[in-house]
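Enquirer:
Residue numbers (this note's numbering): 41 to 142.
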């Protein structure tokens, strides 16, 4: 079966592709900044605010443990939110681009 050849430079100049790339880049860059700041708050906070991280919340569980555990839930939440936005916006734009190309 022969593979179809595409003009990738024309696709890269297509307004729908430019819109998709811009929206996706802006979305991912913003959440990447948030994720980096949130991730580095744990070691920086533990180093510069050890009193805060030693505060007991429930029994022997302190704020540091809760904050570290929250990073798992935040990352899962971000993955779920990305899937939602991708299904709603990015997939629609990709479908429109593919229809226009074919």
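Each residue gets a CB set at the ideal place from its N, CA and C atoms; glycine is no exception.
What separation, rounded to the nearest whole angstrom, lies between the Cα atoms of residue 107 and residue 64?
Expert: Taking the straight line from one Cα to the other gives about 29 Å.
Enquirer: Out of curiosity, what's the CA-to-CA distance linking residue 59 and residue 53?
Expert: Between residue 59 and residue 53, the C-alpha separation is close to 10 Å.
Enquirer: Identify the continuous beta strand (DSSP E) that holds residue 64 and give its terminal residues.
Expert: Here residue 64 belongs to no beta strand (DSSP E); instead the alpha helix (DSSP H) covers 55–88.
Enquirer: List the DSSP bridge partners of residue 98.
Expert: Looking at the DSSP assignment, residue 98 forms a beta bridge with 101.
Enquirer: Could you tell me whether the region 121–140 touches the region 79–91, where touching means 3 or more Cβ pairs closer than 8 Å?
Expert: Taking 8 Å as the limit for Cβ pairs, the verdict is that the region 79–91 does not touch the region 121–140.
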